[in-house]
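Each residue of the sequence shown is one higher than the one before, starting from 394 at the first, in the numbering used here. Yeah, the Cβ is synthetic: ideal placement off N, Cα and C, and Gly gets one too. Inspection log for the structure reproduced underneath, given as C-alpha cells.
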Amino acid sequence: MKEKKFTIDLTKKLKEAFKERNLKITPQRIAIYEEIVNSKEHPSTVHIFEKIRRSFPNISFDTINRTLTTFAEIGLIKTVEGSGDSKRYDPNIEQHHHFICVKCGRIIDFDSKELDNLQLPTELHNKFRILRHKVVVEGICDKCSKELIKT
C-alpha cells in the first residue's frame, strides 16, 4: 500500500469540502482526517479514537464516529465493511478493490482493470441503479500464510 503524508493540499481539500456544505472546520476534524489519510491501514473508528485521544483527551467516541460518517458522506473517504467486523475507513477514494485476510483482518488495496470493467448481470441493471462496483476478495494474506507454514 502506498504511504501518504498529510499535506497542505489535503487540508485545502478538507476545508473546501466543508465550506461547500457549510460545515465547521475544527482542529479535531483536521486531526481525524490527518490520521486516516496517513494511516497505512484501513483503520476502524476504535483505532482512530485511540490515536486522536492522545492529542484531544476529551474527545468522545461518538464525535469520532460522527466525523468519520460525515467524511464518508461528503466523499472524503470511503467506508469498508468486512464480513462481521467493525466498519473500517479508506482514504483512497479512487476506483480500487480489496483483499481481506480472514485470519488477521488486514485489508489490502489492489487495482485491476479487468475487475473495473466487470460486466454486471443485466437483471441488476434492470432492477437497480448501479452507481459503482468494487470487488472484495477474502483469503489468507502473505503474512498469515507464512505463520501457518511455521506451525
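Here residue 435 is not near residue 509, since their CB atoms are 8 Å or more apart. The C-beta distance from residue 430 to residue 403 rounds to 6 Å, short enough to fall under 8 Å. Residue 473 has 481 as its beta-bridge partners, per DSSP. For residue 490, DSSP records a beta bridge to 503.
Under the Cβ criterion (8 Å, minimum of three pairs), the stretch 486–504 counts as touching the stretch 528–539. Here residue 412 is exposed. Its C-beta has fewer than 16 other C-beta atoms within 10 Å. For residue 532, the beta-bridge partners assigned by DSSP are 494. For residue 421, the enclosing alpha helix (DSSP H) covers residues 420–431. Residue 538 sits in a helix when the DSSP states are folded into three classes. Between residue 501 and residue 537, the C-beta spacing is not below 8 Å.
A straight-line Cα-Cα distance of about 10 Å links residue 428 and residue 422. In the structure shown, the three-state DSSP call for residue 437 is strand.
With fewer than 16 other beta carbons inside 10 angstroms of its own, residue 439 counts as exposed.
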